[in-house]
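J.: Sharing a structure here in structure tokens format.
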Amino acid sequence: MIWSRQLRAQPLFREGMHDFLPQALGVAAWGLMTGVAMVNSGMSVFEAVAMALLVYAGSAQLAAMPLIMAGAPAWVVLAAGFCVNLRFVVFSLHMRPYLMHLSRWQRLATGYFVTDNTYVLFTRRFHTPGTTPAEQQKQQAHLTGLSAANWLCWMSASMVGIALANLIPTRWGLGFAGILCLLGIQCSLASSRLRIVAAAVAGMASVAAYALPLKLNIVLAIAAAVICALVVESFKSDASAGGRA
Amino acid sequence: MKTMPTDATDLWTLVVIVGLAVITVVSRSFFFISNKDWHLPHWAERGLQYAPIAALSAVVVPEVVMSHGVLITTWQDARLFAAAAGIAVFFWQRDVLLTIVLGMLVYLPLHIGCGW
Chain A
1 MIWSRQLRAQ PLFREGMHDF LPQALGVAAW GLMTGVAMVN SGMSVFEAVA MALLVYAGSA
61 QLAAMPLIMA GAPAWVVLAA GFCVNLRFVV FSLHMRPYLM HLSRWQRLAT GYFVTDNTYV
121 LFTRRFHTPG TTPAEQQKQQ AHLTGLSAAN WLCWMSASMV GIALANLIPT RWGLGFAGIL
181 CLLGIQCSLA SSRLRIVAAA VAGMASVAAY ALPLKLNIVL AIAAAVICAL VVESFKSDAS
241 AGGRA
Chain B
1001 MKTMPTDATD LWTLVVIVGL AVITVVSRSF FFISNKDWHL PHWAERGLQY APIAALSAVV
1061 VPEVVMSHGV LITTWQDARL FAAAAGIAVF FWQRDVLLTI VLGMLVYLPL HIGCGW
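Heads up: the sequence lines are chains A and B, in that order.
Just so we're aligned, residue 1 is where the first sequence starts under this note's numbering, counting upward by one.
Just so we're aligned, residue 1001 is where the second sequence starts under this note's numbering, counting upward by one.
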């Protein structure tokens, strides 16, 4: 935890912050754009700041914004957010052995700060979980340093984005950058043929069912795509289901 | 619930935002919330491989190919070219940031300049 002086005194805390640096530009640009997109989507400045500070998940924020503004019911917004976040569920399976020596509250507080970047950098640095308390504390210090640097970078860029958004006319359509960002993440997940099939099915189903009330087309499209992919997978057990999410 | 763009903050939106924060904690900690060792059923674990890309696609595709709730019938739409450029750049450079930057470089001139 960041408030533990003992962790911050570890050399690996600084090393973690340092290891984050190569990612800083990308994270800052994405945070800036998310900040601009939140305000441009019609959220008030207070709502945008609250969303940035509390939700702390760019792709879920970008996916939730149009749904919130279209007046979709809360459960649909939350379900869409959870589905976009499902890659973190897969990460948490991998992170479990690294964190089980902590108390539950410490695990939840640590987990909240595990983003795409920190997960990749941390597991790249430590291929196996620590086996002694000293090793475990070193790993925790590194993860805390990564998380602190990532949080600072993302939050400051988000706040600048929110502040600048009002200077930019909505008709420029800068909010489309948010869609391009989701599109980029979508492409990065397209690691197997069946995943591409799932994306295609979901896209078509979402358009075809667009007239459904409550943005239920999103829920229906995810269900249709997952069922299609699982059915095809069970028929073609040799298809490479590919990679981690 | 919002019916028109407004600068006012409403309670419902804040409740949803708090809910999304809970979703962040639950999804990022999913497999280490419980102290017990446990596993998802096999089909659910397989489903996890496909749900994230499906969710993104379900949100993104209508935002690119529809306006006012109907499929667009013209190719003169800046979003189509920007999305195509973005996808091409991603598979060339494998970089989400470049996808956004080059996609917007295609989008803005067409959208503001040509009114597409």
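For glycine and all other residues, C-beta sits at the position ideal for the given N, C-alpha and C.
Using a cut-off of 7 Å between C-beta atoms, extract the partners of A/Arg-87 located in chain B.
T.: Those are Pro-1052, listed as they occur along chain B.
J.: If I'm right that A/Thr-144 touches A/Leu-7 with Cβ under 8 Å, what's the distance once you round it to whole angstroms?
T.: Yes, A/Thr-144 and A/Leu-7 are in contact; Cβ-Cβ is about 5 Å, under 8 Å.
J.: In the DSSP assignment, find the alpha helix (DSSP H) that holds A/Val-265 and state where it starts and stops.
T.: Residue 265 of chain A is absent from the structure shown; chain A starts at 1 and stops at 245.
J.: Between A/Cys-181 and B/Ile-1100, is the Cβ-Cβ spacing less than 8 Å?
T.: In this structure, B/Ile-1100 lies closer than 8 Å to A/Cys-181 by Cβ.
J.: In chain order, what residues of the same chain lie with their CB nearer than 7 Å to the CB of A/Glu-15, ignoring the 5 residues before and after it?
T.: Cβ within range, chain order: His-142, Gly-145.
J.: Across the stretch 216-230 of chain A and the stretch 1039-1049 of chain B, are there enough close Cβ pairs to call them in contact, namely three or more that are closer than 8 Å?
T.: Output reads yes: the stretch 1039-1049 of chain B touches the stretch 216-230 of chain A.
J.: In the structure shown, what three-state DSSP assignment does A/Met-17 receive?
T.: If DSSP states are grouped into helix, strand and coil, A/Met-17 belongs with the helices.
J.: Helix or strand or just coil, what does DSSP make of B/Ser-1057?
T.: It is helical.
J.: So that I know if they touch, is there some Cβ in chain B lying closer than 8 Å to that of A/Ser-158?
T.: A/Ser-158 does not count as touching chain B.
J.: Is any heavy atom in the ligand ATP found nearer than 7 Å to the beta carbon of A/Pro-133?
T.: Ligands are entirely absent from the displayed structure, and the ligand ATP is therefore not among its contents.
J.: Mind pulling the alpha helix (DSSP H) runs of 4 or more residues that sit fully within the stretch 9-72 of chain A?
T.: Those alpha helix (DSSP H) runs which fall completely within the stretch 9-72 of chain A and span 4+ residues are 11-20, 24-40, 45-55, 58-69.
J.: Could you tell me whether any Cβ in chain A is nearer than 8 Å to the Cβ of B/Ser-1029?
T.: Interface residue, yes.
J.: Kindly list the residues whose CB is nearer than 8 Å to the CB of A/Val-76, restricted to its own chain and excluding five residues on each side of it in sequence; keep chain order.
T.: Leu-67, Leu-214, Lys-215, Leu-216, Ile-218, Val-219, listed in sequence order.
J.: If you reduce the DSSP assignment to three classes, tell me which class A/Leu-189 lands in.
T.: A/Leu-189 falls in the helix class under three-state DSSP.
J.: Thinking C-beta only, is A/Gly-175 closer than 8 Å to B/Ile-1023?
T.: It is not a contact, given that the beta carbons lie outside the stated cut-off.
J.: Give me the residue from A/Lys-138, A/Ala-221, A/Ser-92 with the minimum Cα distance to B/Ser-1034.
T.: Comparing Cα positions, the closest option is A/Ser-92.
J.: Helix, strand or coil, according to DSSP, for B/Leu-1071 in the structure here?
T.: Strand, per DSSP.
J.: Return no unless some Cβ of chain B is closer than 8 Å to the Cβ of A/Leu-12.
T.: Chain B, which has no Cβ nearer than 8 Å to the Cβ of A/Leu-12, makes this no.
J.: Would a check of beta-carbon distances place A/Ala-239 closer than 8 Å to chain B?
T.: Reliability fails at A/Ala-239, whose pLDDT of 47 lies under 50, so the model's placement of it is uncertain and the value that follows must be treated cautiously. So, not an interface residue.
J.: Considering only the beta carbon of each residue, do B/Ala-1088 and B/Trp-1116 sit closer than 8 Å?
T.: Result no, Cβ atoms of B/Ala-1088 and B/Trp-1116 do not sit closer than 8 Å.
J.: Cα separation between A/Phe-20 and A/Arg-5?
T.: Going from the Cα of A/Phe-20 to the Cα of A/Arg-5 covers about 20 Å.
J.: I need the boundaries of the alpha helix (DSSP H) containing B/Gly-1086, first residue and last residue.
T.: Start and end: 1078-1093.
J.: The alpha helix (DSSP H) that contains A/Leu-220, what's its start and end?
T.: Taken as a continuous stretch (DSSP letters only), the alpha helix (DSSP H) holding A/Leu-220 covers 216-235.
J.: Got a sec, what are the start and stop residues for the alpha helix (DSSP H) B/His-1042 sits in?
T.: Note, B/His-1042: alpha helix (DSSP H), 1042-1047.
J.: Give a yes or no on whether the C-beta atoms belonging to A/Ala-74 and B/Gly-1069 are separated by under 8 Å.
T.: No, Cβ-Cβ distance for A/Ala-74 and B/Gly-1069 is not below 8 Å.
J.: Can you tell me the Cα-Cα spacing of A/Glu-47 and A/Val-39, whole angstroms?
T.: Each residue's Cα considered, the two are about 9 Å apart.
J.: Looking only at its own chain, which residues have a Cβ that is under 7 Å from the Cβ of B/Met-1001, when we skip the five neighbours before and after it?
T.: Confidence at B/Met-1001 is low in this model, with a pLDDT of 43, below 50, so the placement of that residue should be treated as unreliable; the coordinate-derived value is given next. Cβ neighbours of B/Met-1001 beyond the five flanking positions: Trp-1012.
J.: Run through DSSP, which three-state label would B/Met-1066 get?
T.: If DSSP states are grouped into helix, strand and coil, B/Met-1066 belongs with the strands.
J.: Between the Cα of A/Ile-162 and those of A/His-18, A/Leu-194, A/Gly-35, spot the shortest distance and give me the residue it belongs to.
T.: Checking every option, the nearest Cα to that of A/Ile-162 belongs to A/Gly-35.
J.: Using 8 Å as the limit for Cβ to Cβ distance, is A/Gly-31 near chain B?
T.: With 8 Å as the cut-off, A/Gly-31 does not count as an interface residue toward chain B.
J.: Looking at the structure shown, is A/Leu-174 part of a helix, part of a strand, or coil, going by DSSP?
T.: Here A/Leu-174 sits in coil by DSSP.
J.: Among A/Ala-165, A/Arg-87, A/Gly-130, which has the Cα closest to the Cα of A/Tyr-119?
T.: It is A/Arg-87.
J.: I need the boundaries of the alpha helix (DSSP H) containing A/His-127, first residue and last residue.
T.: Taken as a continuous stretch (DSSP letters only), A/His-127 belongs to no alpha helix (DSSP H), as it is neither H nor E.
J.: Looking at the structure shown, is B/Ser-1027 part of a helix, part of a strand, or coil, going by DSSP?
T.: Of the three classes helix, strand and coil, the one that applies to B/Ser-1027 here is helix, per DSSP.
J.: Please state the DSSP three-state secondary structure of A/Asn-166.
T.: Note: A/Asn-166 maps to coil in three-state DSSP.
J.: Consult DSSP for A/Cys-153 and reduce its assignment to one of helix, strand or coil.
T.: Three-state DSSP puts A/Cys-153 in a helix.
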